[in-house]
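**Q** Structure provided below as structure tokens; questions to follow.
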Ligand SMILES: [Fe+2]
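Residue numbers (the numbering used here): 113 to 713.
Written as structure tokens, this is what we have:
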């Protein structure tokens, strides 16, 4: 790694730009390879010859006046054969037309038109998948080898480069302390009884990792790729990506094939709530850890999971999660309010939008994410546990009331703007995260840990958190409501019915409880059930009227789109091809040698 700055970098600074500002916005990261099509960040254009600059200018013809954002937006409207024709037009269009999101969306549109029973035969890349699918449909000879990218000199594009770099960069080398920072207690199950857990972690709303509490799970040894493929058969499992316009449905075999090959910034993340119906035998391979099954309160054993009182009408609360290395979920927290169409909320939205523009100079980015959070349904208030079955997971938490760097919110948390991907956040904001770790107030500091296979993490509510899979991962997660968060839960159910999710997209014929009736039914069940302490309920009800703010956290380790209802208007959730926030200044290092210098003003 080369320390910045030095004279070489100073030579890149245009007149009028203050050196100190530039230095302050710099970060350094490592990538293992060059961009497959030779794309470099726009800052390299400062050093480029006229001949290289003409590659784009001449290659795009009259389209040269368009920004990359607009150009890619236009290209996204073409179909496969039209894009193929454009590829042969010029070197510049060869590169732009190989942008992976274009081909992914073409395939998604094709599959969508083909109904929900389509087979997903992912083949090397989305473009190769399209070609393979096209050949199959038209009974042509399929290509055997994957497309081999040609390196083109002279394409300087932050959008193209950044999307690739967010997946390819080496976060272990780029992010100081990434694998070693660990602030969350890891406690052996035999040294943590239920009462201690409730008193020291659940009631205090602090995260904790519990080791060796699921040693008896058959899932730990059984849930391999082959086992899941065998037992899940041809049933389709839902997967989502925050950068993709719609969810996709894979068989487990299709998903593993896709995940093994994907090199996208945000690969599809399998996140299935109906896994017990799609592969019923899976539920025999694990049991809910004792910390979340019973509660030590006044030395009595009661049902901790109070939402279980809804019985079969209970909203969604458990998910099977499968994702490849480097997949994960960007910081998320569920806003505890929102009337999306009120004047106050719209004003808040506009202010957040403008603030985001000032900080990122990316209008489309802030617009898309503000709208996403305005229009995406939300989950109920809950605590959560997450068990790692295969693979390690990196968790980063920010305490309630403190936004992580790069996360912008309205004052009431009704409107949230976040980076698109975990890679983008690590690449852009890690240095600010390190500063936050040294906050003078320890209670304001973020917490980090790595969850190893066989460990369970308790995810408290109201904490921002981000999860990055360090390996190919399989995990289980449940949310629950206990006496520790009962008052907040009651407040949420009573006051925020428009934000309750996990029910709206369910088939109403299955008798699922609906948002408008959840509060009254929950109160009724709490009061009628003999295992529930009525005094505790009365106290919680009283406190629920005193709750004035805060927010809940669903702790799913998923993207927001993964949690949204399948019926939501996909256009409202579609990530624009343009919503790439700029990175102020980045030095990339390839194989320990400085490679490119990007100064985005
Ligand atoms: Fe989560």
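Think of the CB as a built atom: it goes at the ideal place given N, C-alpha and C, for glycine as much as any other residue. This structure is a prediction, so every number in the text was calculated from the model and none was measured.
(1) Can you name the start and end residues of the beta strand (DSSP E) that residue 509 belongs to?
(2) Please name the residue in 180, 238, 640 whose C-alpha comes closest to that of residue 380.
(3) Taking the DSSP output, what are the residues bridged to residue 441?
(4) Is the beta carbon of residue 422 less than 8 Å from the beta carbon of residue 519?
(5) Taking the alpha helix (DSSP H) that residue 714 falls in, what are its first and last residues?
(6) Let me know if residue 326 comes out buried or exposed under the rule of 16 or more other beta-carbons within 10 Å of its beta-carbon.
(7) Counting C-beta neighbours from all protein chains within 10 Å, is the total for residue 385 16 or more, i.e. buried, or is it exposed?
(8) Less than 8 Å separating the beta-carbons of residue 516 and residue 317?
(9) At a cut-off of 7 Å, is residue 444 close to ligand 1 when judged by its beta-carbon and the heavy atoms of the ligand?
(10) In terms of residues, what are the limits of the beta strand (DSSP E) holding residue 207?
(11) Compare the C-alpha of residue 575 against each of 282, 496, 215 and name the closest.
(12) Closest to residue 261 by C-alpha separation, out of 521, 530, 531, 211, would be which residue?
(13) Say the cut is 7 Å; is the CB of residue 577 nearer than that to a heavy atom of ligand 1?
(14) Cβ of residue 333 versus every heavy atom of ligand 1: is any distance shorter than 7 Å?
(15) Determine the DSSP secondary structure at residue 340, reduced to helix, strand or coil.
(16) Report the rounded CA-to-CA distance for residue 320 versus residue 309, giving the unit in angstroms.
(17) Measuring CB atoms only, is the stretch 278-289 touching the stretch 537-549, in the sense that at least three cross pairs come out at less than 8 Å?
(18) Which residues mark the beginning and the end of the beta strand (DSSP E) in which residue 373 is found?
(19) What are the boundary residues of the beta strand (DSSP E) that residue 499 is part of?
(20) According to DSSP, simplified to helix, strand and coil, what is residue 376?
(21) Comparing the CB of residue 441 with every heavy atom of ligand 1, is any distance shorter than 7 Å?
(22) Taking the alpha carbon of residue 595 as the reference point, which residue from 651, 208, 249, 521 has its own alpha carbon closest?
(23) By how many angstroms is the C-alpha of residue 436 removed from the C-alpha of residue 371?
(24) Any idea what DSSP makes of residue 435, helix, strand or coil?
(25) With a threshold of 16 other CB atoms inside 10 Å of the CB of residue 643, please say whether the residue is buried or exposed.
(26) Going by beta carbon distance, what residues of the same chain come within less than 7 Å of residue 346, once the five residues before and after it are set aside?
(27) Assess contact between the stretch 199-217 and the stretch 171-179, defined as three or more Cβ pairs (one per stretch) separated by less than 8 Å. Is contact present?
(28) Taking 8 Å as the cut-off, decide whether the C-beta atoms of residue 374 and residue 533 are in contact.
**A** According to the structure data:
(1) Run containing residue 509: 505-510, per the beta strand (DSSP E) assignment.
(2) Residue 238 is the option with its Cα nearest to residue 380.
(3) According to DSSP, which records beta bridges pairwise, residue 441 is partnered with 579.
(4) Not in contact: residue 422 and residue 519 (Cβ atoms no closer than 8 Å).
(5) Summary: the structure shown does not reach residue 714, with the chain confined to residues 113 through 713, and so no result is reported for it.
(6) Residue 326 is buried by the Cβ-count criterion.
(7) Taking every protein chain shown into account, the CB of residue 385 has 16 or more other CB atoms within 10 angstroms, so this residue is buried.
(8) No, the pair does not count as a contact, with Cβ atoms beyond the cut-off.
(9) Yes, Cβ of residue 444 sits closer than 7 Å to a heavy atom of ligand 1.
(10) Counting along the chain, no beta strand (DSSP E) covers residue 207; the unbroken alpha helix (DSSP H) around it starts and ends at 203-208.
(11) The residue with the shortest Cα to Cα distance from residue 575 is 496.
(12) Put simply, of 521, 530, 531, 211 the residue whose alpha carbon is nearest the alpha carbon of residue 261 is 211.
(13) Within the chosen limit of 7 Å, ligand 1 reaches the beta carbon of residue 577 through at least one heavy atom.
(14) Because no heavy atom of ligand 1 lies under 7 Å away, the Cβ of residue 333 does not count as near it: no.
(15) The three-state reading of DSSP puts residue 340 in helix, counting H, G and I together.
(16) Taking the straight line from one Cα to the other gives about 9 Å.
(17) By the Cβ criterion, the stretch 278-289 is in contact with the stretch 537-549, since at least three pairs of Cβ atoms, one from each stretch, lie closer than 8 Å.
(18) Here residue 373 belongs to no beta strand (DSSP E); instead the alpha helix (DSSP H) covers 364-373.
(19) Counting along the chain, the beta strand (DSSP E) containing residue 499 begins and ends at 495-502.
(20) Coil at residue 376, not helix or strand.
(21) Annotation for residue 441 indicates a beta carbon within 7 Å of some heavy atom of ligand 1.
(22) Closest by alpha carbon: 651.
(23) Looking at the two C-alpha atoms, the distance is approximately 6 Å.
(24) In the three-state reduction of the DSSP assignment, residue 435 falls in the strand class, which pools E and B.
(25) Classification of residue 643: exposed, given that the 10 Å Cβ count is below 16.
(26) Taken in chain order, the residues that qualify are 363.
(27) By the Cβ rule, the stretch 199-217 counts as touching the stretch 171-179, because three or more pairs are nearer than 8 Å.
(28) No, they are not a contact pair.
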